[in-house]
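**Q** Chains A and B supply the protein sequences, listed in that same order. Numbering-wise (this note's numbering), the first sequence opens with residue 1 and increments by one. Numbering-wise (this note's numbering), the second sequence opens with residue 480 and increments by one. Just so you know, even glycine gets a beta-carbon here, dropped at the ideal spot from N, CA and C. All values reported here derive from a predicted model rather than from experimental measurement.
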Amino acid sequence: MSREDYEVIIGLEVHAELSTKTKIFCSCPTEFGASPNTHTCPICMAMPGTLPVLNEKVVEYAVKAGLATNCTISRDSKNDRKNYFYPDLPKAYQISQYDKPLCEEGYVEIDTNEGKKKIRLERIHIEEDAGKLNHDEFGGGSLVDLNRAGVPLIEIVSKPDLRSSEEVEQYLRKLKSILEYIEVSDCKMQEGSLRADVNVSVRRKGDEKLGTRTEMKNMNSFRSITRAIEYEVERQIDVIDDGGKVEQETLRWDDVSGKTFSMRDKEDAQDYRYFPDPDLVAIKLSEEYIEDIKNKLPELPESRKERYLKEFNLSEKDAKLITSSKYLSDLFEEATAICGNAKAVNNWIISDISRILNETEMDPIEIPFDSKQLAKLVMLIDKGTISSSIGKKVLTELFENPKDPEEIIKEKGWIQISDEGAIKEVVLKVIEANPQSVSDFKGGKDKALGFLVGQAMKETKGKANPQMLNQMFKEELTK
Amino acid sequence: MNITEFTVHELQEKLKNKELTITEITKAYVDRINEKEKDVQAFVTTLTDEAISQAKDIQAKVESGEIKGDLAGIPIGIKDNLCTKGIKTTCSSKMLENFISPYNATVVEKINDENMIDLGKLNMDEFAMGGSTETSYFAKTRNPWNLTKVPGGSSGGSAAAVASNMVPWALGSDTGGSIRQPSSFCGVVGLKPTYGLVSRYGLVAFASSLDQIGPITKDVTDSAILLNLIAGHDKKDTTSVDMPKKDYLKALTGNIKGLKIAIPKEFFGEGINEEVKNKLYEAIETYKKLGAQVEEISLDVAQYALATYYIIACAEASSNLGRFDGIRYTYRTQEFKNLKELYKKSRSEGFGDEVKRRIILGTYVLSSGYYDAYYKKAQQVRTLVTNEFNKAFEKYDVILTPTSPTVAFGIGEKSNNPLEMYLADICTVSVNIAGLPGISIPCGVDSQGMPIGMQLIGNKFCEETILNAAYTFEQEIKFRENYKPEFKGGAK
């Protein structure tokens, strides 16, 4: 049978690190990248006798996430212990939520070829992250770094509503932008602050029963998630087509070989012995508390997009791209507010900036320059201080070594030549050196003008004012 | 009278009147430890040298007026499951034989803030699991009344140290009777406060929903003084209750006229030793004489409390003790081929039998497929037990029972029979299950001269009621004046 005969069913468990200043059960900082075990205390190191105290901000952030994804917020929730042994889990249990999650029954809307589609959420719950093992760093052993232990996470569990890797990517991007907008997570995928467990199964079209699923854990890039799903779907279909059965197992995606490998099968399934954590009291939320958070929710991507269509006359496509990331969107609004040229800012973002982000696999949050610098770039072009082709060079420079664009062009000597005498000198020089083009132009070939202007630009290393060049050539050649 | 025979409130008087100095007191206790510890073996760690230099320092500071407070320079002993910064906290286990805590338990902080003097860390059943202190990895503590008998447990070291005057008072912990039962066996006063009255931060957890820290003292007045110090909300323990502070010392009026005492008949039935029962009946008569109204009641769900207790306590313990895994601060096996073997061997070698037994039990009752039948059912029964006690406290102020079905038994007598050992907790566990306060005070001795304990149970956060009831009784029978531990059976 062919791929068309099968339906793909995907469900996601997305873990997002919350951007609270301190950990979920102690007051250690959550900051990424500190030297090993410096962001620790007796509590997150699970010293005997220590007790957890729930960080209220974590509850607030999770409720925000729940409200922004249309969930029902539980008035009565609790923490449970998930018991298992691993050296990165110092208590030998993870404090999570089992049967009473904070948020339930929500949805996120995505755009598909067939229009809008709701991806239902089963739940969002809070839990603590584990530490990290550094293998083989010092003579073959493994060392435990507990800086991440106790960093707050939310786990967002979708229903099996996704039908393709494209939908998965759409869903993840949407989820990411929502979390960024409500400022509960910075969603830096490379740092692992947004990662997904992907559950994939296939079934023959028309079948009622779901196929056996496999789970791929801890995926943290869009590209590998897409590739992994594509691979896994093909693999499962091949297994079934060959008369075999898909085994329920946990898989590891290997980016280098482009294959999935079995980590453990159903037989090794762990019994986590969940039970309510007796060290923590129940989480009771009042109507006022939830209402208050609801009222303070910031503008979400969807409504920002609508506003951009009206307020700035952006195209649907551009508005969607810009609002897909809070950082891009903020960059757009702030830079526009400074320079007053929404169209130009929009063009920079959707073309050059997006291109560079794609090429370097950079997340918008990692853009090194700020809105003031982008606005300045736009203004320098608008004023004619630099040409737009110099502008592109300035942008590249902003990515590499961000500072005031005015300083950049001064240092690099990129200020546009707008001096009539200087322009004229170049024009005359180019005319003299290119008699063929001159006669072409005079013979009615307008294209030749472009060539001549290009030559003049080359001569001035791109610094000549292109409008002035154009005009000057026309003048000289029609004399 | 020897200095070490005084109660703490007597020592405070003598310090105030300048009849004694802090250094004299500490020195007397150090001498007493040097004399008696070889027989009693109540300590895991003694801090005698440190105590003497600390005493000199505090003495000087009190004289210069730098330190004030009427607990300054008072010595104390601390159960070895309370974390003490820079001093070993072993839980009497091979697993933590070399563990030095990087922080202080909240109660230890309070003791240090008062400039009290820590005489040492006291022996206990391993991880507080046991009723005889025989499961300690280090030593079997002996009962000062008869050295061939157990001191009870799990706070056996604390109770024996107080009874033998090696410390003026001590801190213990009580999960199912671990303060009250050894206090009963050793003829001293042990109070388990209401769950949530004292911060558990820094108490190495056995069963988090049942554990409470409490005082073990020579008399009820000292119990009230120490409770005044350790009670109170702690931001580090969210299960500790935030409520106005009480002065428990003020509650000791010596007047219990009209006090309503309930006698649950289930606690006086089969399995309770006759001599114990008779002594309790005498105590009841004393209470009547003192003006209390006494009535018999039925607390029939209490019979399920023991099974409920062992399911909940073991379930929580199986999770709480997971962190002792051979990776960081615990005992680690010498040789292992992989991670699984490291876990397996470290835990097999580091834990004693009783601890392993309870971890296995607890793991079982939380396993999928058994959770509902055991853990969930036990939680439901827990609610029933709590409701039944609540109902009784609508009518009565105090519930009076024996602390233990028997007096102290012989060392080795029950150590091979865990079920029989568990039965020793039958009178005390329901108090933890229901989160109530309970106090054990001596009410006499049996024909062999072994002390018998009486338990008074109060309503939640009504420690003042049971303390005053105990105090009034104590003033009447004057147990300490009439009976003293004789260290029988020693010097073999």
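1. If A:S483 and A:I408 are in contact, beta carbons under 8 Å, what's the gap, nearest whole angstrom?
2. So what does DSSP say about A:T38, is it helix, strand or coil?
3. Could you compute how far the alpha carbon of A:T250 sits from the alpha carbon of A:K176?
4. Write down every uninterrupted run of the alpha helix (DSSP H) in the stretch 846 to 892 of chain B whose length is 4 residues or greater and which is fully enclosed by it, in chain order.
5. Taking the C-alpha atoms as reference points, what is the distance between B:I709 and B:I658?
6. Are the beta-carbon atoms belonging to B:Y950 and B:G733 less than 8 Å from one another?
7. Does the Cβ of A:L210 have 16 or more other Cβ atoms within 10 Å, making it buried, or fewer, making it exposed?
8. Between which two residues does the alpha helix (DSSP H) carrying B:D977 extend?
9. Using only alpha-carbon positions, find the residue among A:N347, A:S439 and A:M379 that is nearest to A:L477.
10. I'd like to know whether the C-beta of B:I806 is nearer than 8 Å to at least one C-beta of chain A.
11. A:Q97 by DSSP, collapsed to three states: which one?
12. May I ask you to verify whether the stretch 887 to 900 of chain B touches the stretch 607 to 625 of chain B, counting CB pairs closer than 8 Å and requiring at least 3?
13. Per DSSP, what kind of secondary structure is A:F85 in: helix, strand or coil?
14. Check the Cβ-Cβ distances between B:D701 and every residue of chain A, and say whether any is below 8 Å.
15. If you reduce the DSSP assignment to three classes, tell me which class A:K343 lands in.
16. Is the CB-CB distance between B:S571 and B:V646 below 8 Å?
17. Taking just the CA atoms, how far does B:P921 sit from B:F952?
18. Do A:A456 and A:A448 count as a contact pair if the criterion is CB distance below 8 Å?
19. For A:M47, go through chain B and note every residue whose CB falls closer than 8 Å to its CB, in chain order.
20. Could you tell me whether the Cβ of B:R679 comes closer than 8 Å to any Cβ of chain A?
21. Do B:G693 and B:K671 have their beta-carbon atoms positioned less than 8 Å apart in this structure?
22. Compute the distance between the beta-carbons of B:L626 and B:V587, then report whether it is under 8 Å.
23. Please indicate yes or no: does the CB of B:E593 lie closer than 7 Å to some heavy atom of the ligand ATP?
24. How would you label B:V755, buried or exposed, when you count the other beta carbons within 10 angstroms and need 16 or more for buried?
25. Looking at chain B, is there any beta carbon in it that lies within less than 8 Å of the beta carbon of A:R81?
26. So, with DSSP's three-state summary, where would you put A:D145?
27. Using a Cβ-Cβ cut-off of less than 8 Å, list which residues of the stretch 833 to 852 of chain B approach chain A; keep chain order.
28. Let me know the secondary structure DSSP gives A:H135 once reduced to three states.
29. On the DSSP letters alone, give me the boundaries of the beta strand (DSSP E) that B:I905 sits inside.
30. Checking the sheet assignment: what are the DSSP bridge partners for A:L162?
31. Using a Cβ cut-off of 9 Å, pull out every chain A residue sitting near B:T717, in sequence order please.
32. Excluding five sequence neighbours on each side, which residues of the same chain lie with their C-beta closer than 7 Å to the C-beta of B:S909?
33. Going by alpha carbons, who is nearest to A:H125 out of A:L146, A:K458 and A:C103?
34. Return the CA-CA distance between A:K174 and A:A68, expressed in angstroms with no decimal places.
35. Let's see if you can read the secondary structure: which residues bound the beta strand (DSSP E) around B:P661?
36. Answer yes or no: does any C-beta atom of chain A fall closer than 8 Å to that of B:A794?
**A** In brief:
1. No answer is possible for residue 483 of chain A: the residues shown for chain A start at 1 and end at 479.
2. The sequence position of residue 38 of chain A within the first sequence is 38, counting from 1. Reduced to three states, the DSSP call for A:T38 is coil.
3. The residue labelled residue 250 of chain A in the question sits at position 250 within the first sequence. The residue labelled residue 176 of chain A in the question sits at position 176 within the first sequence. Approximately 25 Å between the Cα atoms of the pair.
4. Within the stretch 846 to 892 of chain B, the complete alpha helix (DSSP H) runs of at least 4 residues are 856 to 874.
5. Within the second sequence, the letter at position 230 stands for residue 709 of chain B. Within the second sequence, the letter at position 179 stands for residue 658 of chain B. Looking at the two C-alpha atoms, the distance is approximately 15 Å.
6. Residue 950 of chain B sits at position 471 when you count from the first residue of the second sequence. Residue 733 of chain B sits at position 254 when you count from the first residue of the second sequence. Judged by their CB atoms, B:Y950 and B:G733 are nearer to each other than the 8 Å cut-off.
7. Position 210 of the first sequence holds residue 210 of chain A. Around the beta-carbon of A:L210, fewer than 16 other beta-carbon atoms lie within 10 Å, marking it exposed.
8. Residue 977 of chain B is absent from the model: chain B starts at 480 and stops at 971.
9. Position 477 of the first sequence, counting from 1, holds the residue named residue 477 of chain A. Ranking A:N347, A:S439 and A:M379 by CA distance to the CA of A:L477 puts A:S439 first.
10. Locating residue 806 of chain B in the second sequence gives position 327, counting from the first residue. B:I806 counts as touching chain A.
11. Position 97 of the first sequence, counting from 1, holds the residue named residue 97 of chain A. Of the three classes helix, strand and coil, the one that applies to A:Q97 here is coil, per DSSP.
12. Between the stretch 887 to 900 of chain B and the stretch 607 to 625 of chain B there are three or more inter-stretch CB-CB distances shorter than 8 Å, so the stretches are counted as touching.
13. Here residue 85 of chain A refers to the residue found at position 85 when the first sequence is read from its first residue. A:F85 falls in the coil class under three-state DSSP.
14. Taking the second sequence and counting its residues from 1, one reaches residue 701 of chain B at position 222. With 8 Å as the cut-off, B:D701 does not count as an interface residue toward chain A.
15. For this step, residue 343 of chain A is matched to residue 343 along the first sequence. Look at A:K343 here: in three-state DSSP terms it is helix.
16. For this step, residue 571 of chain B is matched to residue 92 along the second sequence. For this step, residue 646 of chain B is matched to residue 167 along the second sequence. Cβ atoms of B:S571 and B:V646: not closer than 8 Å.
17. Numbered from 1 along the second sequence, position 473 holds the residue referred to as residue 952 of chain B. Numbered from 1 along the second sequence, position 442 holds the residue referred to as residue 921 of chain B. The straight-line gap from Cα to Cα measures roughly 10 Å.
18. Residue numbering aside, residue 448 of chain A sits at position 448 when the first sequence is read from its first letter. Residue numbering aside, residue 456 of chain A sits at position 456 when the first sequence is read from its first letter. The criterion of a C-beta distance shorter than 8 Å is not satisfied by A:A448 and A:A456.
19. The residue given as residue 47 of chain A occupies position 47 in the first sequence. For A:M47, the neighbours in chain B by C-beta distance under 8 Å run, in chain order, C562, S580, P581, Y582 and Y808.
20. Here the question's residue 679 of chain B lines up with position 200 in the second sequence. Closer than 8 Å to some Cβ of chain A, the Cβ of B:R679 qualifies, so yes.
21. Residue 671 of chain B sits at position 192 when you count from the first residue of the second sequence. Residue 693 of chain B sits at position 214 when you count from the first residue of the second sequence. Yes.
22. Here residue 626 of chain B corresponds to residue number 147 of the second sequence, with the count starting at 1. Here residue 587 of chain B corresponds to residue number 108 of the second sequence, with the count starting at 1. At the C-beta level, B:L626 and B:V587 stay beyond 8 Å of one another.
23. For the structure depicted, the ligand ATP is absent and the ligand set is empty, with no information on it obtainable.
24. Taking the second sequence and counting its residues from 1, one reaches residue 755 of chain B at position 276. Taking all protein chains shown into account, B:V755 has 16 or more neighbouring C-beta atoms within 10 Å of its C-beta and is therefore buried.
25. Against the first sequence, residue 81 of chain A aligns to sequence position 81. Interface residue, yes.
26. Position 145 of the first sequence, counted from the first residue, corresponds to residue 145 of chain A. It is a strand residue.
27. Correct list: T842, L845, S846, S847 and Y850.
28. Working through the first sequence from its first residue, we reach residue 135 of chain A at position 135. Note: A:H135 maps to strand in three-state DSSP.
29. As a position in the second sequence, residue 905 of chain B is number 426, starting the count at 1. Segment: none, B:I905 is in no beta strand (DSSP E) and carries neither H nor E.
30. The residue labelled residue 162 of chain A in the question sits at position 162 within the first sequence. A:L162 pairs with A:I10.
31. Numbered from its first residue, the second sequence carries residue 717 of chain B at position 238. Near B:T717 (Cβ distances below 9 Å), the residues of chain A are L51, P52, V53, L54, D279, L280 and V281.
32. Translated into positions along the second sequence, residue 909 of chain B becomes position 430. Counting only Cβ-Cβ distances below 7 Å, and skipping sequence neighbours, we find A781, A784 and V864.
33. Stepping through the first sequence from its first residue, residue 125 of chain A is reached at position 125. For the residues A:L146, A:K458 and A:C103, the minimum Cα distance to A:H125 belongs to A:C103.
34. Against the first sequence, residue 174 of chain A aligns to sequence position 174. Against the first sequence, residue 68 of chain A aligns to sequence position 68. When rounded, the distance between both Cα atoms is 11 Å.
35. By 1-based counting over the second sequence, the position of residue 661 of chain B is 182. Bounds of any beta strand (DSSP E) do not take in B:P661; it lies within the alpha helix (DSSP H) bounded by R659 to C665.
36. Here residue 794 of chain B corresponds to residue number 315 of the second sequence, with the count starting at 1. Contact of B:A794 with chain A is assigned, a C-beta pair being separated by under 8 Å.
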